[in-house]
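Undergrad:
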Amino acid sequence: NELETFDPLRDAVVFNDDPVTVHLNTSCTIKMNQQNFNLKEGEHKVPLYLAVFLIGRRTASIT
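Each residue of the sequence shown is one higher than the one before, counting from 152 in my numbering.
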């Protein structure tokens, strides 16, 4: 069944992977779009799709 195998952090990513610099408020570990990210607090260049996700969760802000 497609619904059972659906992973929103893999299958529903609509933004591209252009690099964006963000400032993380806290450290985070996440797997998104089949990539693992282990980020510490501070500035990082991340793909646009991850930046949008982190900003939406108020974990990061645009620098």
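Each residue gets a CB set at the ideal place from its N, CA and C atoms; glycine is no exception.
Just list the beta strand (DSSP E) runs in the segment 155-194, keeping only unbroken ones of 3 residues or longer that don't cross its boundaries, in chain order.
TA: 170-175, 179-183, 186-190
Undergrad: Ignore the nearest five residues each way along the sequence and tell me which others in residue 189's own chain have a CB closer than 6 Å to its CB.
TA: Walking along the sequence shown from the start, residue 189 turns up at place 38. Around residue 189: 180.
Undergrad: How would you call residue 132, buried or exposed, if buried means at least 16 neighbouring beta carbons within 10 angstroms?
TA: Because the chain is modelled from 152 through 214, residue 132 falls outside the range shown and cannot be assessed.
Undergrad: Which residues does DSSP list as the beta-bridge partners of residue 213?
TA: One-based indexing of the sequence shown puts residue 213 at position 62. Under DSSP, the beta-bridge partners assigned to residue 213 are 173.
Undergrad: Can you check which of these residues, 153, 198, 202, 193, is closest to residue 176 by C-alpha distance?
TA: The sequence position of residue 176 within the sequence shown is 25, counting from 1. Minimum Cα distance to residue 176 is reached at 193.
Undergrad: Please work out which residues of its chain come closer than 7 Å, Cβ to Cβ, to residue 168, disregarding the five sequence neighbours upstream and downstream, and give them in chain order.
TA: The residue labelled residue 168 in the question sits at position 17 within the sequence shown. These residues qualify, in order along the chain: 198, 199, 200.
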